[in-house]
Amino acid sequence: MNLYLIRHARQNSPLCNVNVELSSKGIRQAKLLAQRLENYSFEKIYSSDLLRAVQTAEIINTKHLKHQIYSELQEIDFGLLTGNTDEENNIRFKDFLAQRKELSEDLAFPGGECGRDVFLRAMPILDKIVSQEIEGAVIVTHGGTIRSLLAGILGMTQAKKLLLGVTLENSSITQLSYNKKNHRYTLERFNDAAHLEKYPELQRNY
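Have a look at this one:
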């Protein structure tokens with residue numbers, strides 16, 4: 003069984019984790035992804051309840067499947083950093099962000115979550131999905147959530163999850179395969195955004 007973890011398309015705000023809809027570029031990204039997914043085999047589509055994930059799921063749901071929403075698939079809670087600009091956070095939370103980059107501890111955002119918190123709330127949803135008799139599912143979620151899930155599945159410490167890509171491309175595909183016989187997840191591809199390669203204006207700047 004294949005699980006296609008999709009990072010939502012680009013949102014309509016540069017502020018930290020605000021709950022807003024997609025930007026015009028995000029809508030383009032989602033439409034390109036929809037075209038790519040037309041040849042993929044999946045019978046279910048899921049998303050977090052944040053607007054950018056819901057809207058991405060709606061755009062790519064060209065097969066008109068039932069769209070199920072789980073709040074457990076939300077982005078990591080950035081706590082006191084939520085709603086701020088990057089510049090503001092880099093000043094107010096300079097010491098915390100520097101410590102986080104050391105990758106030595108699974109630090110919770112001030113007033114928010116750590117990677118383990120995200121894994122413990124999101125992983126049961128994946129387990130619930132793979133318990134069904136289906137060949138594949140699309141799950142629209144968030145960069146921090148995908149990293150936390152992968153770290154847990156691969157046996158990495160959550161402190162090292164930031165080693166999984168400098169950044170995840172908006173509308174990218176990360177594919178997991180689930181073997182029901184041994185109850186094991188394997189990572190088949192990561193941060194695949196080939197559908198954006200012809201459109202540099204839709205790609206993130208590293």
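So for the sequence shown, the numbering used here puts the first residue at 3; every next one is plus one. Each residue gets a CB set at the ideal place from its N, CA and C atoms; glycine is no exception. Since the model is a prediction, treat every value here as computed from it, not as a measurement.
Limits of the unbroken alpha helix (DSSP H) element including residue i
i, result
"I62", "53-62"
"N92", "88-94"
"L34", "26-39"
Simplified DSSP assignment, three categories, for residue i
i, result
"I131", "helix"
"T147", "helix"
"D108", "coil"
"H197", "helix"
"Q101", "helix"
"L166", "coil"
Residue interval of the beta strand (DSSP E) (run including residue i)
i, result
"T143", "138-143"
"K46", "46-49"
"R12", "Here R12 belongs to no beta strand (DSSP E), and DSSP marks it neither H nor E."
"E190", "186-194"
"S179", "175-181"
"H66", "Note, H66: premise wrong, no beta strand (DSSP E); not H, not E."
Distance, residue j Cα to residue i Cα
i, j, result
"L17", "E90", "10 Å"
"H185", "Y201", "39 Å"
"T169", "I62", "22 Å"
"A195", "D129", "25 Å"
"Y208", "T176", "Unreliable placement is indicated for Y208, whose pLDDT of 44 sits below 50; the coordinate value is still reported in the next sentence. Roughly 19 Å between the two C-alpha positions."
"I71", "L178", "20 Å"
Whole-Å CB distance - residue i paired with residue j, under 8 Å assumed
i, j, result
"F44", "V140", "5 Å"
- Query: Below 8 Å, can you find three or more Cβ-Cβ pairs linking the region 102-113 to the region 150-167?
  - Reply: yes
- Between the region 105-123 and the region 145-159, are three or more C-beta pairs nearer than 8 Å? yes
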